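In the UniProt record's numbering, the protein residues as written are 1 to 178.
Ideal Cβ placement from N, Cα and C applies to all residues, glycine included.
Predicted, not measured: the structure shown is a model, and the values here were computed from it.
Encoded as structure tokens, the structure appears first; notes follow it.
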């Protein structure tokens, strides 16, 4: 499910559209491999043990059911959550949407943004990701974590702020000339 393109204003142009960085899926994938390995060992043990065939079949069925539940909870749920989280910058606003069943979002008009900063540690610098912090006119600063190519997003958002300031200044000069 994407962000609602029909909610864009007429003439509004998407400048940046990002999902969280893939590093947010690293732990779920590692858990998936660990659970799969453990399930494989358990099924292999059940099939080669001295258990009765019927008991081995039940143990295998239980292990497969537990494995499927673990995959759904530890891999599929985070993957869907990642896919349904959007960070979008248009020429007029910043849009953030997240959630699967219960959606939440925030829109910040470009002209209301006071400060844009980014933070990233050594690992984040290697992976080219980080946290983008946006401070608007009347709200607490908002931190958006795991933004891919955070420095490029920061630079582009700052450019949009400068363009908005230039448009406002041009409008004031045009009014003055009339």
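- Beta-bridge partners assigned by DSSP to residue 135: 115.
- Assignment of residue 93 by DSSP, reduced to helix, strand and coil, places it in the strand class.
- Taking a cut-off of 8 Å for Cβ pairs, the region 19–30 and the region 47–65 do not touch, as fewer than three such pairs fall below it.
- For residue 142, the enclosing beta strand (DSSP E) stretches over residues 142–148.
- Counting the other Cβ atoms within 10 Å of the Cβ of residue 103 gives fewer than 16, which makes it exposed.
- Of all alpha-carbon atoms in 72, 131, 85, the one lying nearest the alpha-carbon of residue 144 is that of 131.
- Residue 105: not part of any alpha helix (DSSP H); member of the beta strand (DSSP E) spanning 104–109, first to last residue.
- Here the region 85–92 makes contact with the region 3–16; the two share three or more CB pairs at distances below 8 Å.
- In this structure, residue 95 places its C-beta atom within 8 Å of the C-beta atom of residue 107.
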